[in-house]
Every structure is written in C-alpha cells, then in structure tokens.
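In this note's numbering, the protein residues as written are 391 to 647. C-beta atoms are modelled at their ideal positions from N, C-alpha and C, and glycine is treated no differently. Accompanying notes for the structure given below.
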C-alpha cells in the first residue's frame, strides 16, 4: 500500500467511526470542529492503523526527507545565483582544469580535512577524464591554526610564484604529513624552486588575510560550514562525494542546460 493510500485508509477509518458517533448523536460531523470525543476516536484510529502498519511511519519520513531536500535544492539555486560573482569571478581564486570549459565546479577545501584529502584524487580524475570542466578552488581553512598556516602558504605562493606554483604547492599540502611549520614550508618551497623567504613573508600580508576573510564571508552567506563543499554548476553539494556521484551530477547538469 502506498503512503497516500495508507493515509487515506487511516483517515477513512477515523471518519467512519466519528461519523457513526455523530450520526448517533444526530449531529453534523465536521473535521474542523472535532469534539474531544471525536479527537480521541480519530487518535485511536490512527494509532491502531500505525501499530498494524508500522512501515507507514518510514514511508512518511522518506517523503518528508524528499520534500526537505527539494526545498533545500531550490534554496541553493537562489544562494548560488545571488553569489555568482564571488563564486565564479572573484579575481583571485585559483582556476584550473579547462578555463574555457562548458561546466564549472567550485571546491571549498581545507588542507587538514580528511575528507578533502580523500576527495582530492577523485576531483583530479574528474577534471582529467572530462577535459571540459573549469575548476575553481576556494581556500577555506576552518580546522585550526595548522589549516590557516597551510592556506596562507598556498595563497602566498600563488601571489609570489603564480598559478602553476600554487597548483604544485596545493597538491603537496593536501598530502603533507604532520602540521606545517616554517622549516617544512621552506623545504616545500625549495622543492619546487620557489623563493621560500618571499613566500613566508607574504603569508602575513593584508592581501592574504583579505582573501581568506572574503572566502569565509562567502561560505557564511552560502550556509557552508564544513569541507569539502562543492558547487557543481548551480547545484551545491555539502560534503564528500565519490567520483561516480560527481560524474553523474556533471552529466545531469549538462543535460539540464
């Protein structure tokens, strides 16, 4: 029995019972004007049905969850639209993949986040295998001082060394063991032939601070509180998504357009 049929059967049972009571009392039955006795009869009928058919509760929960997801998805469309410029054209976030691709993915990440690390190779495979996706990375350090240091180093590297240097350092930070410190970051910079002293000095600059602050403000407006979080086209995905799920989202997004 479907949920709607089950609920109709429940209401029908209650109405029949209350209708019989009302007829016996020579009164007109009105669902909007239940007497205490009618309310009790209705409650008893519902309770009896649910005890006999407990699966209805799970069906109702599933319907409720589906409605909530639909409402959240609709709200997310507005959130993405309202913040489109900051998401897709802020002028400083690293852009990779195919800059002229027909589909854009935005990732909010934290280098110390376990699920960001799990997602990293899968996002890379998504971009590589597709070939027509524009990837934008948002530095969103939320897991403490080590996260902030790592993001400051990545952003400072981009400012001093450019986008290719940022990509190399960002990938390295995503797999770095232990918390980053000055010695570790210097070695990392030198590994890629970068000016370690200039990058370390830039880490505390107003520009680096501004970029992190603006991304945090954007995340707050978009109701993002965890990492990784993604925007696929105009659809938000809060949390880790495996590669097949991401590929399916991209395919559906392209088909919808």
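Residue pairing by DSSP places residue 625 opposite 622 in a beta bridge. Residue 524 carries a strand assignment under DSSP once its states are collapsed to helix, strand and coil.
By the Cβ test, the stretch 568–575 is not in contact with the stretch 610–628, since fewer than three Cβ pairs between them sit closer than 8 Å. Just so you know, the alpha carbons of residue 589 and residue 645 end up roughly 43 Å apart. The residues 502, 569 and 570, in chain order, have a CB closer than 7 Å to that of residue 536 in the same chain once the five nearest residues on each side in sequence are set aside. Listed in chain order, the non-local C-beta contacts of residue 433 below 7 Å within the same chain number zero, local neighbours out to five positions each way being set aside. Boundaries of the beta strand (DSSP E) harbouring residue 494: 493–499, taken from the DSSP string. Shown here, residue 552 sits in coil according to DSSP, grouped into three states, outside any helix or strand. DSSP, reduced to helix, strand and coil, places residue 486 within a strand of the structure shown. The Cβ atoms of residue 584 and residue 544 lie no closer than 9 Å to each other. By the Cβ criterion, the stretch 497–514 is in contact with the stretch 525–532, since at least three pairs of Cβ atoms, one from each stretch, lie closer than 8 Å. Within the same chain, Cβ atoms closer than 8 Å to the Cβ of residue 478 are found at 494, 496 and 526, the five residues on either side in sequence being excluded. Excluding five sequence positions before and after residue 489, the CB atoms of its chain that fall closer than 8 Å to its own CB belong to 524, given in chain order. Counting only residues of its own chain and dropping the five nearest sequence neighbours on each side, residue 637 has a CB closer than 7 Å to the CB of 516.
Taking a contact as a CB-CB distance under 8 Å, the pair residue 482 and residue 601 counts as one, their CB atoms being some 6 Å apart. Bridge pairing for residue 529: 499 [DSSP].
Excluding its 5 nearest sequence neighbours in each direction, residue 592 has C-beta neighbours in its own chain below 7 Å: 546, 549, 550 and 598, listed in chain order.
Residue 473 and residue 628 do not touch by the CB rule: their CB atoms are close to 15 Å apart, not below 8 Å.
Inter-residue distance for residue 624 and residue 642 is about 11 Å (C-alpha atoms, whole angstroms).
Between the alpha carbons of residue 518 and residue 443 lies a gap of roughly 50 Å. Scanning 639, 613 and 635 for the CA closest to the CA of residue 466 turns up 613. Excluding residues up to 5 positions away in sequence, 505, 508, 509 and 618 lie with their Cβ nearer than 7 Å to the Cβ of residue 630 in the same chain.
Looking at the backbone, the Cα of residue 603 and that of residue 563 are separated by about 20 Å. If you look at residue 599, you'll find it in the alpha helix (DSSP H) that goes 596–611. Buried is the label assigned to residue 428, since at least 16 other Cβ atoms lie within 10 Å of its Cβ.
Residue state for residue 444 is assigned as coil, using DSSP reduced to three classes.
Note on residue 605: 16 or more other CB atoms within 10 angstroms of its CB, so buried under the neighbour-count rule. With contacts defined by Cβ atoms closer than 9 Å, residue 539 and residue 575 form a contacting pair.
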